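Counting from 1, one number per residue, gives the positions in the sequence shown under the working numbering.
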Amino acid sequence: MADAAGAAILPYFRSATLGADNKLEDGFDPVTVADREAELAMRAVLAQLRPDDGILGEEFAPVEGSSGRTWVLDPIDGTRGFISGTPTWGVLIAMSEADGPVLGVIDQPYTGERFIGAAGLAQMTGPQGARDLATRNGTALDQAILFTTFPEVGTPEERAGFERVSGKVRLTRYGMDCYAYALLAAGQIDLVIEAGLNAYDVQAPIAVIQAAGGVVTDWQGGPAHEGGRVLAAANAELHAAALALLKNS
């Protein structure tokens with residue numbers, strides 16, 4: 001599926017003729033032909049290889065399955081970055097069961113990086129070859145690197161919660177979409193905090209980060225696979241420190 005999606009997407013990346021439709025009347029939530037063609041390509045693979053499984057994708061209607069498994073697809077997570085030409089977008093693929101995702105893929109076709117997480121498997125492949133994924137340990141909150149996609153994060157209340165954590169860390173960066181979660185799984189950064197997410201935004205990152213040794217919950221410490229507010233941390237200690245600052249948001 002990741003190969004099929006990448007083949008559909010790459011001809012449009014950094015193309016001068018690429019346009020974008022806006023899915024919002026008030027605001028800007030772009031979708032492109034690349035988003036739609038990539039999701040259709042992944043659905044075609046599933047129709048051939050996993051016809052009994054369900055599908056939840058961003059761009060088209062859900063498909064009910066009979067197997068108890070659902071494939072959760074975001075063909076281009078980070079379409080704003082995609083239309084801007086930054087290589088921080090990615091293809092997200094998760095296979096989910098009743099309690100959440102058990103397999104996740106974050107794929108960046110342009111850079112050739114693929115991050116995979118499942119039980120007993122946490123690995124990335126890319127231009128430098130293959131290596132195991134492992135999140136960082138031993139980083140105190142005041143030395144942590146924190147990412148989020150949008151500076152405004154969400155509601156004013158959610159922004160205040162984020163700023164309580166941001167005020168304690170060493171470095172805060174913005175705008176990476178799903179690539180931030182991949183960097184966390186790869187041991188490059190320590191925290192990702194976001195709000196207003198959908199299931200297809202977060203299920204693949206959850207599976208990858210958990211397989212690499214990290215922790216992902218909502219802002220109350222509960223499951224995050226349905227979306228909403230998400231706290232991803234490199235380890236349990238760092239997660240607890242950030243969660244204590246977010247819980248009242």
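Positions of the beta carbon are idealized from the N, C-alpha and C atoms, including for glycine. Quantities reported herein were computed from a predicted structural model and do not represent experimental measurements.
Per DSSP, cross-strand counterpart(s) of residue i
| i | result |
| --- | --- |
| Tyr174 | Thr148 |
| Ala244 | Bridge partners of Ala244: none, in fact. |
| Met124 | Phe115, Arg131 |
| Met95 | Trp71, Leu103 |
| Pro30 | Asn22 |
| Thr217 | Leu231 |
| Tyr198 | According to the sequence as given, residue 198 is Asn; it is not Tyr. According to DSSP, which records beta bridges pairwise, Asn198 is partnered with Gly227. |
| Ile76 | According to DSSP, Ile76 bridges with nothing at all. |
| Gly54 | Thr70 |
| Leu191 | Leu146, Ala233 |
| Gln108 | Glu113 |
| Val63 | Ile55 |
Alpha carbon of residue i to alpha carbon of residue j, nearest angstrom
| i | j | result |
| --- | --- | --- |
| Val33 | Leu18 | 8 angstroms |
| Ala188 | Phe150 | The residue you asked about is not Ala; residue 188 is Gln in the sequence shown. Gln188 and Phe150: Cα-Cα distance of roughly 20 angstroms. |
| Ala130 | Thr172 | 28 angstroms |
| Gly6 | Arg114 | 11 angstroms |
| Gly214 | Pro205 | 11 angstroms |
| Leu183 | Gly68 | 31 angstroms |
| Tyr179 | Tyr110 | 12 angstroms |
| Gly138 | Thr79 | 34 angstroms |
| Leu243 | Trp219 | 6 angstroms |
| Ala236 | Leu146 | 15 angstroms |
| Asp29 | Thr135 | 31 angstroms |
| Phe60 | Asp35 | 10 angstroms |
| Gly54 | His225 | 16 angstroms |
| Glu97 | Leu40 | 22 angstroms |
| Ser15 | Thr70 | 33 angstroms |
| Ala185 | Pro51 | 31 angstroms |
| Tyr12 | Gly85 | 10 angstroms |
Sub-8 angstroms separation of residue i and residue j beta-carbons
| i | j | result |
| --- | --- | --- |
| Val192 | Thr155 | no |
| Leu49 | Asp74 | no |
| Val169 | Leu133 | no |
| Gly253 | Arg43 | The structure shown does not extend to residue 253, since the chain spans only 1 to 249, so no value can be given for it. |
| Ile106 | Trp89 | no |
| Gly221 | Val202 | no |
| Glu194 | Val216 | no |
| Gly81 | Asp177 | yes |
| Val31 | Met1 | no |
| Ser249 | Glu152 | no |
| Gly117 | Pro223 | no |
| Ala47 | Ala8 | no |
| Val286 | Ala199 | No answer is possible for residue 286: the residues shown for the chain start at 1 and end at 249. |
| Ala234 | Asp190 | yes |
| Gly126 | Gly112 | yes |
| Leu246 | Ala144 | no |
| Arg232 | Tyr174 | Looking at the sequence itself, residue 232 is Ala, so the reference to Arg does not match. Going by C-beta atoms, Ala232 is not nearer than 8 angstroms to Tyr174. |
Discussion item. Three Cβ pairs or more, each shorter than 8 angstroms: is that satisfied between the region 149-167 and the region 50-66?
Written reply: no
Practice prompt. Answer yes if the region 112-127 comes into contact with the region 201-213, meaning at least three C-beta pairs across the two stretches below 8 angstroms, and no otherwise.
Written response: Because the criterion of three Cβ pairs below 8 angstroms is met, the region 201-213 and the region 112-127 touch.
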